[in-house]
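This report refers to the structure that appears directly beneath it.
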Amino acid sequence: MNRKNSFDTVRIQGGYTPEEHNHASNVPIYLSAAFTMGSAQRGRDMAEGREPGFTYSRVGNPTVDILERRIAALDGGVSAVAVSSGMAAISNTILAVAEGGGRIVAHHDIYGASLDEFVSLAPKLGIEFDFVDDINNPDEVSKAIGPNTKAIYAESVTNPITRVTDVDRLASVAHQAGIPLIVDNTFPTPYLFRPIEHGADIVVYSSTKGINGHGNVVSGLIVDAGRFDWSSDRFPQFSEPEFTLYTESNGRSRSFVEAFGNEAFHQRLRCKFVRLLGAVLGPQEAYLELLGLETISERISKEVSSALRIANFLNHHEHVTKVNYAGLPDSKQSQLVSSLFPKGIGAILSFELEGSEDRVDRFIDATEVFHYVPNVGDVRSLIVNPARITHREVPFEFWERNGLNVNLIRLSIGLEDADDLIADLEQAFETAYRD
Ligand SMILES: *Cc1c(COP(=O)(O)O)cnc(C)c1O
């Protein structure tokens, strides 16, 4: 069979061959810290990379491996690495591209913990961030790139105001400068948007959110497009001899570029960062991720259609002063959205309430179908006041530019009946504005 399977087949079957696992129709959970190596010869062959196989679950686990293969196939990458959280995906990625120090150009409108890490922690590890105000302005981004810049970092759809990044254009700015583009694609998931098809080199996910979709696992994924040339002087870590790539026959240690070419990134990431810093994903979590992925298309498409209905409802409400949802037909980004996101931008939106913050508190306390939870991408619909909870760590200097204020409410739309969700919001408005 030569035909390449499409998304809906790969999300069910990708990366898994039942014949290799006692014909189990579901992916087995390999709850084993380590694996017998069989023979001294096989042990050596695996250790030196001549034979594939599993030895120790911090280095690789069969259940996790199937999740990695499935995500890589869905996103159009050559390989994926699963880690223990979205933040582990982001942290390991920036440490690997800017190993030994350097600069990264980023948008400041990013996930709160990512911004906190980039502003307050990464600089102490020798990685400085240059923040741009408009990630879709190629001139501004180009000007921020210097000789020591190692990458550009952006989110495809931002949180909570759903600003959309023109990934194609940003990728060409990055590649002209000889640096890779890293995209956090958590909000759209690969069902709505696949950054590698638009030129991104590395994609990171909090698969805690829509990929798993059931709010029961914390996990992260890093997908490598396998296209970027890491051999330039800007990235010496990929060209230096690596002891674990020692070949006995010629007594030499190869570099990651020598051994793996354009696949050097995911190989080094796995070997030096995930293996040594140790933030690996466990097999039970990987199994739940695989289970969640099986229904990703149906979940996200229903959630997107409910989110659009709810955004329209809010857009016409007398007590709403602003709706942030780039998927609305009258959004400033509607042209970019229709070319990049034909199936929608996702199930998360935010809006501002008229009046004092007291109305926000009363509104949240009055909702019954929406759960007050600091998470997104769940089958349950969730509500939160970002300025006080999820985005507390965003420094005040970024608030206005990132659309953050105390009147803002964020919704993550789940799989409940959309009429019930709208009725719940309607009664919350009545309670919040009763006097
Ligand atoms: C939640 C989230 C993260 C962090 O993921 P965790 O799994 O909570 O560590 C990163 N980026 C975005 C866009 C997120 O929504």
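The working numbering applies: residue 19 is where the sequence shown begins, and numbers increase by one. Every residue, glycine too, gets a C-beta built ideally from N, C-alpha and C. No experiment lies behind these values; they were computed from the predicted model shown.
Using the C-alpha atoms, what's the distance from residue j back to residue i?
i, j, result
"Phe-447", "Pro-254", "57 Å"
"Asp-251", "Asp-134", "29 Å"
"Trp-13", "Leu-426", "Here the chain has residues from 19 to 453 only, and residue 13 is not among them."
"Leu-358", "Ile-112", "26 Å"
"Gly-364", "Leu-400", "14 Å"
"Leu-422", "Lys-320", "28 Å"
"Glu-69", "Asn-79", "15 Å"
"Ile-163", "Asp-148", "8 Å"
"His-284", "Arg-187", "24 Å"
"Glu-434", "Pro-156", "41 Å"
"Ser-324", "Ile-431", "7 Å"
"Met-19", "Thr-35", "Per-residue confidence for Met-19 stands at a pLDDT of 48, beneath the threshold of 50, marking its modelled position as unreliable; the derived number appears in the next sentence. Straight-line Cα distance between these residues: approximately 15 Å."
"Ile-227", "Asn-154", "For the record, residue 227 in the displayed sequence is Lys; it is not Ile. Roughly 25 Å separates the two Cα atoms."
"Leu-239", "Asp-202", "10 Å"
"Ile-440", "His-335", "11 Å"
"Tyr-129", "Pro-404", "11 Å"
"Ser-160", "Phe-136", "20 Å"
"Met-105", "Phe-256", "23 Å"
"Gly-269", "Thr-262", "12 Å"
"Glu-444", "Val-150", "38 Å"
"His-193", "Glu-375", "45 Å"
"His-39", "Arg-21", "24 Å"
"Leu-92", "Tyr-451", "46 Å"
"Asp-152", "Thr-408", "23 Å"
Out of the options, which one is the CA nearest neighbour of residue i?
i, options, result
"Thr-449", "Ser-225, Thr-385 and Ile-401", "Thr-385"
"Pro-46", "Ala-304, Pro-347 and Lys-361", "Ala-304"
"Ser-132", "Arg-410, Leu-294, Glu-38 and Val-235", "Arg-410"
"Glu-258", "Phe-246, Arg-272, Arg-428 and Pro-178", "Arg-272"
"Lys-361", "Asp-379, Arg-317, Val-391 and Asp-376", "Arg-317"
"Glu-215", "Gly-94, Ile-170, Leu-443 and Gly-119", "Gly-94"
"Phe-291", "Ser-109, Gly-432, Glu-375 and Leu-439", "Ser-109"
"His-125", "Asn-420, Asp-442, Ile-440 and Asp-453", "Asn-420"
"Thr-27", "Thr-313, Pro-392, Ala-405 and Leu-439", "Thr-313"
"Ser-267", "Ser-24, Glu-66 and Arg-60", "Glu-66"
"Tyr-209", "Arg-21, Arg-452 and Phe-25", "Phe-25"
"Lys-340", "Arg-452, Thr-408, Val-355 and Glu-372", "Glu-372"
"Ala-140", "Pro-165, Glu-158 and Ala-114", "Ala-114"
Mind checking whether residue i and residue j have CB atoms under 9 Å apart?
i, j, result
"Phe-211", "Trp-248", "no"
"Thr-207", "Gly-33", "no"
"Gly-231", "Gly-345", "no"
"Asp-242", "Ala-52", "no"
"Val-185", "Thr-204", "no"
"Ser-315", "Arg-29", "yes"
"Ser-190", "Gly-217", "yes"
"Ala-436", "Arg-327", "yes"
"Leu-308", "Thr-81", "yes"
"Leu-456", "Pro-178", "The requested residue 456 does not occur in the structure, where the chain is confined to residues 19 to 453."
"Val-378", "Val-424", "yes"
"Ala-116", "Ala-169", "yes"
"Val-123", "Leu-287", "no"
"Gly-119", "Leu-143", "yes"
"Ser-224", "Ala-58", "no"
"Val-235", "Leu-332", "no"
"Phe-246", "Pro-198", "yes"
"Gly-71", "Arg-60", "yes"
Pop quiz: residue i and residue j are said to be a contact at Cβ under 8 Å. What is the actual Cβ separation, rounded to whole angstroms?
i, j, result
"Val-338", "Phe-369", "5 Å"
"Thr-183", "Glu-173", "7 Å"
"Asp-127", "Thr-167", "Not really, about 19 Å apart at Cβ, beyond 8 Å."
"Val-402", "Gly-244", "The Cβ separation is near 37 Å, so there is no contact."
"Gly-233", "Arg-398", "6 Å"
"Ile-229", "Ile-200", "The Cβ separation is near 17 Å, so there is no contact."
"Leu-299", "Ser-43", "So it is not a contact: roughly 23 Å between Cβ atoms."
"Phe-388", "Asp-442", "6 Å"
"Tyr-343", "Ser-349", "7 Å"
"Arg-76", "Gly-296", "6 Å"
Using DSSP bridges, identify the partner residues of residue i.
i, result
"Ala-98", "Val-241"
"Ser-224", "Gly-238"
"Arg-121", "Glu-146 and Thr-167"
"His-389", "Leu-400"
"Phe-447", "According to DSSP, which records beta bridges pairwise, Phe-447 is partnered with nothing at all."
"Glu-173", "Asp-202"
"Arg-87", "Paired residues: none, contrary to the question."
"Thr-265", "Arg-270"
"Tyr-34", "Per DSSP, none; premise fails for Tyr-34."
"Val-341", "Phe-369"
"Ala-52", "Tyr-74"
"Ser-430", "Ile-366 and Leu-400"
"Val-322", "The partner list for Val-322 (beta bridge, DSSP) is empty, contrary to what the question assumes."
"Val-15", "This structure gives no information on residue 15, because the portion of the chain shown stretches from 19 to 453."
"Val-378", "According to DSSP, Val-378 bridges with nothing at all."
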